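Trainee: Each residue of the sequence shown is one higher than the one before, counting from 482 in our numbering.
In this text, a Cβ means the ideal position worked out from N, Cα and C, and glycines have one as well.
The structure displayed is predicted, hence computed values, not measured ones.
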Amino acid sequence: MKRFLTLCLMIFGVCWSLSSCGCDDGKDVDLVFVNDSDTVIVTVAADFQDRNEGTQNADSSPLRRGESFGFEMGEYPVTVYVYDRPVHDVVEGALAQITINKAPPEGERWYVTARDGAEGMTLSASTQWPEGV
482 MKRFLTLCLM IFGVCWSLSS CGCDDGKDVD LVFVNDSDTV IVTVAADFQD
532 RNEGTQNADS SPLRRGESFG FEMGEYPVTV YVYDRPVHDV VEGALAQITI
582 NKAPPEGERW YVTARDGAEG MTLSASTQWP EGV
């Protein structure tokens, strides 16, 4: 039952994210994933303490550099996972992951940015939009 509920939430999250970035013009978004990498990224999942949410392009095509996805507020901590394939639950084999332990300061949001590094893709978190994207 838990797996079914998780799958339903992930599918709902994907559908919601695909229409208007999963938010009300970005007002309720407190976590934004930004792709600044040439690595193939197909699915991004945010595993909040109280729920998880995932998103990908409708046709499962990889995100292009400069594309972003927003996630609505959840209970922290949150772990963001990045996959090179379509997934419908948090599973083993993520390309990268990052955990953020606390909510962003009032009126701000977290920007999780994927970048190419010497040892592959890395993720970083900041309350500022990533420079150069």
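How many Å lie between Thr594 and Met554 at the Cα?
Mentor: Here residue 594 refers to the residue found at position 113 when the sequence shown is read from its first residue. Here residue 554 refers to the residue found at position 73 when the sequence shown is read from its first residue. Roughly 18 Å separates the two Cα atoms.
Trainee: Can you tell me whether Gln530 is buried or exposed, with buried defined as 16 or more other CB within 10 angstroms of its CB?
Mentor: By 1-based counting over the sequence shown, the position of residue 530 is 49. It is exposed - the Cβ of Gln530 has fewer than 16 other Cβ atoms within 10 Å.
Trainee: Give me whichever residues DSSP pairs with Glu573 in a beta bridge.
Mentor: Taking the first residue of the sequence shown as position 1, residue 573 is located at position 92. According to DSSP, which records beta bridges pairwise, Glu573 is partnered with nothing at all.
Trainee: How big is the Cα-Cα spacing for Ser607 and Asp565?
Mentor: As a working mapping, residue 607 is identified with position 126 in the sequence shown. As a working mapping, residue 565 is identified with position 84 in the sequence shown. Answer to the nearest angstrom: the Cα atoms are 23 Å apart.
Trainee: Answer yes or no: the CB of Tyr562 versus the heavy atoms of the ligand ATP, is any distance below 6 Å?
Mentor: Among the components modelled here there is no ligand, and therefore nothing to report on the ligand ATP.
Trainee: Rounding to the nearest angstrom, what Cα-Cα distance links Thr560 and Ala575 in this structure?
Mentor: Residue mapping note: residue 560 aligns to position 79 of the sequence shown, counting from 1. Residue mapping note: residue 575 aligns to position 94 of the sequence shown, counting from 1. Roughly 11 Å between the two C-alpha positions.
Trainee: Quick one: Cα of Val515 to Cα of Ser549, how far?
Mentor: Indexing the sequence shown from 1 puts residue 515 at position 34. Indexing the sequence shown from 1 puts residue 549 at position 68. Spanning the two alpha carbons is a distance of roughly 4 Å.
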